[in-house]
Structures are given as structure tokens and as C-alpha cells.
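Structure first, commentary second.
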Amino acid sequence: MYSLIRRQMAALLEGCPLPLPALSNCAALLWHSLEDINWAGFYLACGDTLVLGPFQGKPACTIIPFQKGVCGAAARTREIQLVPDVHAFPGHIACDGASRSEIVLPLVKENRLLGVMDIDSPLLNRFSQEDAQGLAGLCELLMTEIDWSHGLLGE
Ligand code: SME
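In my numbering, the protein residues as written are 3 to 157.
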């Protein structure tokens, strides 16, 4: 399933590698491909905060300091955060009260943190190591194929 998502994302990137359209399409692709999720999207690094980027799901908090939440932990440690029960994660930020588990992956290119991919589920323990691996592959594609050299719209 993740290899299909990756191929679809690669096709969507063809001809337009700008960050904003690419991340928007990626959020939509995740939203329509993964079962039992209630939020899928991106936060983008700005100094030592994360700023809300393209997403699908309910409106979410706009600024997350690196010190806070699951997203902040992924940004700080640059490691995948697989959280089976968000209520057991100290400092978890509840944007949607329905969220029960969450996975956050750091987007790192050439040692620079660009942001994080965040997916929430209303089910406990929704995300497996297989999800982590598949999503890491998708993040790798985003890191290599998106043109990150300018602003979000290439300006
Ligand atoms: N739960 C996240 C905040 C972002 S929302 O899930 C969209 C966190 O604890 O960092």
C-alpha cells in the first residue's frame, strides 16, 4: 500500500516540485489512502517553532514550540515518534479531542530540519512499525523530489 502511495506521490510531483502544492497533495493523498485517521498533514520549521502547513482534518494549532507535544519531540530529536496512546505522552497537544494515537516523522534534508509529517488516529495503537517504515519512505521522496531551495511557492 505504501509503495502505491509513493508512486502516486511521485506522479503528483512530476512537473511541479514546489513545496506548497506538493505537501498539499501529499496531505490529501494520505487522507484518502489511510484508514482510521482523523488528521494528516505537515508542520514546517521556522526558527525553533513549528508552523501549521498543508493538512486534512479539523483546524489545528498553528504554532508548536520544539519543546512541546509529539511534533516538538520529533523536531527536537529528529526521530520518528510513534505514540500508541496520546494520553500517555507527556505534553501531548490535543488539537482534535478524538485523537488517540499519533505518528510524527521529521523531515530532514542535508542535516536541516524542514518540518514534520503528522498523522493522528481516533484508534488506540493505530500505527505499526510497518506504517513508520512506509511513511519514512514517503518522507524520503518528499525530501529528495521537492525543490526546497526557495520559498514554499518557489519565490
Ligand atoms: N498532537 C500534536 C499536535 C498537532 S495535532 O495532532 C494536528 C502534538 O502533540 O504535537
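Ideal placement from N, C-alpha and C gives every residue a C-beta, glycine not left out.
For clarity, every value in this text was computed on a predicted model and none was experimentally measured.
Item: Express the C-alpha separation of LEU143 and ILE65 in angstroms, rounding to a whole number.; Value: 25 Å
Item: Evaluate SER103 with the Cβ neighbour count: other Cβ atoms within 10 Å of its Cβ, from every protein chain shown; 16 or more gives buried, anything less gives exposed.; Value: buried
Item: According to DSSP, which residues form a beta bridge with PHE1?; Value: For the chain, the structure presents residues 3 to 157; residue 1 sits outside this window and is missing.
Item: In whole angstroms, what is the alpha-carbon distance linking LEU52 and ASP38?; Value: 25 Å
Item: Output the boundary residues of the alpha helix (DSSP H) element that contains THR51.; Value: No alpha helix (DSSP H) contains THR51, which is instead part of the beta strand (DSSP E) from 51 to 59.
Item: Are the CB atoms of ASN40 and GLY59 within a distance shorter than 8 Å?; Value: yes
Item: Name the DSSP beta bridge partners of TYR45, please?; Value: LEU54, VAL118
Item: Should LEU116 go down as buried or exposed, given a rule of 16 or more other Cβ atoms within 10 Å for buried?; Value: buried
Item: When we look at the beta-carbon of CYS48 and count the other beta-carbons within 10 Å, is it buried (16 or more) or exposed?; Value: exposed
Item: Beta carbon of HIS89: closer than 7 Å to some heavy atom of ligand 1?; Value: no
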